[in-house]
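Chemist: One structure is given below, represented as structure tokens, and several questions about it will come after.
Number of protein chains: 2
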Amino acid sequence: MNIADIGEVALIQRLINMARKAGLATTSSALLVGPGDDAAVWRPESGAALSTTDTVVEGVHFTRTTIPWPDLGWKVMAANLSDIAAMGGTPLYALVTLGLPPNTSVADVEELYQGIIDSCREYHVAIAGGDAVASSTAFVSIVLNGSHDGTPLLRSQAAQGDLLAVTGPLGSSQGGLELLTAGEAGVDKAAYEHLCLAHRRPLPRLDEGRTLADLGVRAAMDISDGLIEDLARMMEASGSAARVDAWRVPVHPLLADAFPERALAMALSGGEDYQLLYAAPPTLMKATLARIPEAAVIGSVVEGSPGHISVVDREGKEQMLPHRGWDHFHL
Amino acid sequence: MNIADIGEVALIQRLINMARKAGLATTSSALLVGPGDDAAVWRPESGAALSTTDTVVEGVHFTRTTIPWPDLGWKVMAANLSDIAAMGGTPLYALVTLGLPPNTSVADVEELYQGIIDSCREYHVAIAGGDAVASSTAFVSIVLNGSHDGTPLLRSQAAQGDLLAVTGPLGSSQGGLELLTAGEAGVDKAAYEHLCLAHRRPLPRLDEGRTLADLGVRAAMDISDGLIEDLARMMEASGSAARVDAWRVPVHPLLADAFPERALAMALSGGEDYQLLYAAPPTLMKATLARIPEAAVIGSVVEGSPGHISVVDREGKEQMLPHRGWDHFHL
Numbered sequence: 001m002n003i004a005d006i007g008e009v010a011l012i013q014r015l016i017n018m019a020r021k022a023g024l025a026t027t028s029s030a031l032l033v034g035p036g037d038d039a040a041v042w043r044p045e046s047g048a049a050l051s052t053t054d055t056v057v058e059g060v061h062f063t064r065t066t067i068p069w070p071d072l073g074w075k076v077m078a079a080n081l082s083d084i085a086a087m088g089g090t091p092l093y094a095l096v097t098l099g100l101p102p103n104t105s106v107a108d109v110e111e112l113y114q115g116i117i118d119s120c121r122e123y124h125v126a127i128a129g130g131d132a133v134a135s136s137t138a139f140v141s142i143v144l145n146g147s148h149d150g151t152p153l154l155r156s157q158a159a160q161g162d163l164l165a166v167t168g169p170l171g172s173s174q175g176g177l178e179l180l181t182a183g184e185a186g187v188d189k190a191a192y193e194h195l196c197l198a199h200r201r202p203l204p205r206l207d208e209g210r211t212l213a214d215l216g217v218r219a220a221m222d223i224s225d226g227l228i229e230d231l232a233r234m235m236e237a238s239g240s241a242a243r244v245d246a247w248r249v250p251v252h253p254l255l256a257d258a259f260p261e262r263a264l265a266m267a268l269s270g271g272e273d274y275q276l277l278y279a280a281p282p283t284l285m286k287a288t289l290a291r292i293p294e295a296a297v298i299g300s301v302v303e304g305s306p307g308h309i310s311v312v313d314r315e316g317k318e319q320m321l322p323h324r325g326w327d328h329f330h331l
Numbered sequence: 001m002n003i004a005d006i007g008e009v010a011l012i013q014r015l016i017n018m019a020r021k022a023g024l025a026t027t028s029s030a031l032l033v034g035p036g037d038d039a040a041v042w043r044p045e046s047g048a049a050l051s052t053t054d055t056v057v058e059g060v061h062f063t064r065t066t067i068p069w070p071d072l073g074w075k076v077m078a079a080n081l082s083d084i085a086a087m088g089g090t091p092l093y094a095l096v097t098l099g100l101p102p103n104t105s106v107a108d109v110e111e112l113y114q115g116i117i118d119s120c121r122e123y124h125v126a127i128a129g130g131d132a133v134a135s136s137t138a139f140v141s142i143v144l145n146g147s148h149d150g151t152p153l154l155r156s157q158a159a160q161g162d163l164l165a166v167t168g169p170l171g172s173s174q175g176g177l178e179l180l181t182a183g184e185a186g187v188d189k190a191a192y193e194h195l196c197l198a199h200r201r202p203l204p205r206l207d208e209g210r211t212l213a214d215l216g217v218r219a220a221m222d223i224s225d226g227l228i229e230d231l232a233r234m235m236e237a238s239g240s241a242a243r244v245d246a247w248r249v250p251v252h253p254l255l256a257d258a259f260p261e262r263a264l265a266m267a268l269s270g271g272e273d274y275q276l277l278y279a280a281p282p283t284l285m286k287a288t289l290a291r292i293p294e295a296a297v298i299g300s301v302v303e304g305s306p307g308h309i310s311v312v313d314r315e316g317k318e319q320m321l322p323h324r325g326w327d328h329f330h331l
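Residue numbers (this note's numbering), protein chains in the order written: chain A, 1 to 331; chain B, 1 to 331.
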């Protein structure tokens with residue numbers, strides 16, 4: 001049974017029913033009007049409101065061979081949740097738009113939606129609305145609204161003298177993608193499973209983001225396009241430069257096992273790990289490391305032209321910069 | 001110059017600069033963080049928050065021959081604004097996602113964005129964020145956040161005995177689309193221009209929505225997919241049936257001139273006029289008609305199976321229902 005067999009109205013009804021059964025689309029004192037009317041109505045909590053959106057397109061950000069439908073749903077949610085995490089906020093309500101070819105099977109759409117539901121349950125997000133539209137190219141676009149009680153973590157707040165850190169190991173998602181596209185020959189099973197999971201089911205760092213905000217950190221962003229690319233954006237926004245100590249960039253042991261020669265390059269330029277990158281003065285940095293077990297200092301904010309990044313080895317020798325991340329329009 | 005020549009980052013920067021120059025992306029006491037960080041941060045006004053989203057896809061909802069880029073931008077905004085109007089709310093912040101083939105010219109994208117900016121200026125909406133992604137099929141997806149101080153207008157609140165009304169003439173957008181696709185032979189210039197404008201630059205009924213809410217109306221929705229289709233949805237949500245008096249359905253004189261035999265069918269089933277449909281008891285209805293000059297009663301809510309719509313002529317004779325609107329998955 002394809003979408004064309006049941007039509008848009010019945011498709012949307014099936015998806016809303018799935019969300020209702022999962023307890024995610026039911027109205028409450030906070031979600032006054034959920035899916036089915038012209039707009040969602042919600043009662044903002046105290047503090048500021050957050051809104052972010054993230055979209056993935058078939059053939060550009062995913063293919064059906066590298067990611068199963070439920071994982072795709074999880075992953076688009078993770079990208080949005082990660083944006084809220086990067087502000088130090090709390091996610092609340094999602095609007096889910098699916099663009100799908102009419103010959104897509106209803107079972108596939110339901111699997112995709114189940115992945116979104118899984119993520120919403122895990123992170124206590126309600127589904128407040130959305131849309132389903134026909135499109136010859138499949139895409140998923142999610143909007144996530146949230147709230148923030150304190151001072152949001154901004155890209156522009158890094159200052160010279162700050163140390164730079166990430167909340168956990170990098171490069172695993174890129175490693176997973178390469179195993180999924182180029183094959184797994186010679187890689188042991190544990191590494192294969194770890195890396196594929198990192199690519200398909202990335203974990204947004206919501207607790208870490210809130211911890212950083214609570215401790216008084218002011219500068220953070222999430223790493224979605226690769227450390228060097230995203231760090232350059234943070235430094236541009238902050239009007240500073242950064243030095244990365246290559247040997248301090250955390251790499252998961254299973255990534256190092258699977259790609260002994262390329263793990264560091266993957267950690268520097270691979271995207272979609274959704275760790276947080278943050279900057280803080282040394283004393284505050286120490287406090288964050290005590291609270292976030294996997295966090296690691298990777299360098300510091302230095303004087304220099306805004307956005308300039310240098311990567312140095314243990315001897316202080318500057319390394320060639322790897323490919324600087326992703327720009328899908330340049331494909 | 002195509003998008004592929006400048007890349008995603010430069011494209012987004014150009015669009016943000018356009019929005020900033022138009023005064024639409026500047027932070028304020030209400031919009032604390034605009035485009036460029038991980039999420040937009042805004043201070044909700046008193047009352048409830050509204051969120052809606054609407055997406056159009058090339059080849060499904062629009063073609064480059066029937067709608068120029070600036071009008072497309074205007075029209076997607078109108079669809080979102082209309083959803084806020086249909087709740088009786090006030091629009092505040094838009095997140096704009098563009099999905100575009102890499103060979104799209106930058107000038108075209110800027111024209112599209114200019115249409116969005118025009119609409120945002122007209123209706124006092126700030127651009128709070130968004131995304132640009134590569135996609136072999138072009139699409140535009142907008143999220144609009146707003147606020148509501150009173151009781152939102154809901155689809156489910158129509159009651160038996162209520163009269164039904166619309167805020168203005170219907171069918172003009174459909175007439176415009178037919179002239180744009182089938183040709184304008186024999187149609188006079190004034191009609192052609194009026195109908196094309198109705199199709200390309202529809203006006204969201206924000207003032208009318210707020211007036212209805214202020215007067216105490218409780219049941220409304222916007223007509224995006226055609227009167228009969230959308231009325232059926234309202235009646236399903238309200239658990240009632242409706243009778244439409246065909247001769248009372250308002251049709252613009254220029255539509256009647258251009259399509260003397262088909263104007264009524266267009267008014268009953270044509271989409272994208274973005275008038276509001278509402279239900280109210282007779283006394284309250286009278287008060288709305290005094291305040292909304294173009295509004296017209298079109299029928300009443302009656303007993304019957306939920307969602308059933310009958311259309312009758314002056315003699316009370318039931319008419320054949322026209323095509324019930326749009327389902328793009330059935331194309």
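The beta-carbon is built from N, C-alpha and C at its ideal position, and this holds for glycine as well.
Using three-state DSSP, classify H148 of chain B as helix, strand or coil.
Modeler: If DSSP states are grouped into helix, strand and coil, H148 of chain B belongs with the strands.
Chemist: Which class does P169 of chain B belong to by DSSP, given the choice of helix, strand or coil?
Modeler: Three-state result, P169 of chain B: coil.
Chemist: I'd like to know if M87 of chain A contacts chain B, where contact means its C-beta is closer than 7 Å to some C-beta of that chain.
Modeler: M87 of chain A counts as touching chain B.
Chemist: Alpha helix (DSSP H) containing D214 of chain A: first to last residue?
Modeler: L206 to L215 is the extent of the alpha helix (DSSP H) around D214 of chain A.
Chemist: Using the Cβ count rule (16 or more neighbours within 10 Å means buried), how would you classify A39 of chain B?
Modeler: By the 10 Å Cβ count, A39 of chain B comes out buried.
Chemist: Answer with yes or no whether the minimum CB distance from A39 of chain B to chain A is below 7 Å.
Modeler: So, interface residue.
Chemist: If you check the beta carbons only, do A158 of chain A and V249 of chain A fall under 7 Å apart?
Modeler: Not a contact, by the Cβ cut-off of 7 Å.
Chemist: Could you confirm whether any beta carbon from chain A is found closer than 7 Å to the beta carbon of V249 of chain B?
Modeler: V249 of chain B does not count as touching chain A.
Chemist: Of the residues that make up the segment 35 to 64 of chain B, which ones have a beta carbon closer than 8 Å to any beta carbon in chain A?
Modeler: Cβ contacts with chain A come from G36, D37, D38, A39, A40, V41, W42, R43, P44, A48, A49, L50, S51, T52, T53, D54, T55, V56, V57, G59, V60 and H61.
Chemist: Indicate the three-state DSSP secondary structure (helix, strand or coil) for A25 of chain A in the structure shown.
Modeler: Residue state, collapsed to three classes: coil.
Chemist: For the beta strand (DSSP E) holding D131 of chain A, just list the boundary residues, first then last.
Modeler: A126 to A134 is the extent of the beta strand (DSSP E) around D131 of chain A.
Chemist: Just tell me which of A:L203, A:A296 and A:P152 has its CA closest to the CA of P282 of chain A.
Modeler: Answer by Cα proximity: A:A296.
Chemist: Any beta-carbon of chain A closer than 7 Å to the one on N145 of chain B?
Modeler: So yes, N145 of chain B belongs to the interface.
Chemist: If we define contact as Cβ-Cβ less than 7 Å, is L170 of chain A a contact residue for chain B?
Modeler: Chain B, which has no Cβ nearer than 7 Å to the Cβ of L170 of chain A, makes this no.
Chemist: Going by C-alpha distance, which of B:V56, B:T65, B:A191 and B:D188 is nearest S136 of chain A?
Modeler: Per the Cα distances, B:V56.
Chemist: Are the CB atoms of L177 of chain A and H199 of chain A within a distance shorter than 7 Å?
Modeler: Contact: yes.
Chemist: Can you pull the chain A neighbours of T97 of chain B, defined as C-beta to C-beta under 8 Å?
Modeler: Result: T53, T55 and S141.
Chemist: Hey, would you say I298 of chain A sits closer than 7 Å to V244 of chain A, going by beta carbons?
Modeler: Against a cut-off of 7 Å, the Cβ pair of V244 of chain A and I298 of chain A comes out as a contact.
Chemist: Let me see if you follow: with CB-CB separation under 7 Å, is M221 of chain A close to chain B or not?
Modeler: Yes, because at least one Cβ of chain B sits closer than 7 Å to the Cβ of M221 of chain A.
Chemist: Determine the chain B residues that contact H148 of chain A at a beta-carbon separation under 8 Å, and present them in chain order.
Modeler: Here the neighbours are V41.
Chemist: Give a yes or no on whether the C-beta atoms belonging to G129 of chain A and L95 of chain A are separated by under 7 Å.
Modeler: Their beta carbons are under 7 Å apart, which means G129 of chain A touches L95 of chain A by this criterion.
Chemist: Spatial neighbours of A190 of chain B within its chain, please: CB distance less than 7 Å, with the 5 preceding and 5 following residues excluded, ordered by chain position.
Modeler: L254, listed in sequence order.
Chemist: Taking the Cβ atom as the reference point for each residue, do R201 of chain B and W74 of chain B lie within a distance shorter than 7 Å?
Modeler: Yes. Within cutoff.
Chemist: Could you tell me the boundaries of the alpha helix (DSSP H) in which I84 of chain A lies?
Modeler: Taken as a continuous stretch (DSSP letters only), the alpha helix (DSSP H) holding I84 of chain A covers W69 to A85.
Chemist: Between P152 of chain A and chain B, is there a C-beta pair that is closer than 7 Å?
Modeler: Judged by the 7 Å Cβ criterion, P152 of chain A is in contact with chain B.
Chemist: Just to confirm my understanding: we take F335 of chain A, look at its own chain, exclude 5 residues before and 5 after, and list those with CB closer than 7 Å. What are they?
Modeler: Residue 335 of chain A is absent from the model: chain A starts at 1 and stops at 331.
Chemist: Does E315 of chain B pass the burial test, meaning 16 or more other C-beta atoms within 10 Å, or should it be called exposed?
Modeler: E315 of chain B is exposed by the Cβ-count criterion.
Chemist: Any C-beta of chain B sitting closer than 7 Å to the C-beta of V301 of chain A?
Modeler: No, because no Cβ of chain B sits closer than 7 Å to the Cβ of V301 of chain A.
Chemist: Taking G270 of chain B and G226 of chain B to be in contact with their CB atoms under 8 Å, please state how far apart those CB atoms are, rounded to whole angstroms.
Modeler: Confirmed, about 6 Å.
Chemist: Taking C-alpha atoms, which residue in B:S105, B:Y123 and B:W69 lies nearest to Q114 of chain B?
Modeler: Of the candidates B:S105, B:Y123 and B:W69, the one whose C-alpha sits nearest the C-alpha of Q114 of chain B is B:W69.
Chemist: For V125 of chain A, which residues in the same chain have their Cβ closer than 8 Å to its Cβ, ignoring the five residues on either side in sequence?
Modeler: L24, M77, L81, P91, L92, Y93, A94, S119 and L144.
Chemist: Beta-carbon within less than 6 Å of L11 of chain B's beta-carbon, same chain only, minus the 5 sequence neighbours each way: which residues are those?
Modeler: Answer for L11 of chain B: I3 and A132, listed in chain order.
Chemist: Please list, in chain order, all residues of the same chain as P102 of chain A whose beta carbon is under 7 Å from its beta carbon, the five residues on each side excluded.
Modeler: Within the same chain, P102 of chain A has close Cβ partners N2, I3, A4 and A134.
Chemist: Can you pull the chain A neighbours of D131 of chain B, defined as C-beta to C-beta under 7 Å?
Modeler: Within 7 Å Cβ-Cβ: T53, D54 and T55.
Chemist: How about S172 of chain B and L195 of chain B: are their beta carbons less than 7 Å apart?
Modeler: Going by C-beta atoms, S172 of chain B is nearer than 7 Å to L195 of chain B.
Chemist: For T53 of chain A, does the three-state DSSP call read helix, strand or coil?
Modeler: Correct three-state label for T53 of chain A: strand.
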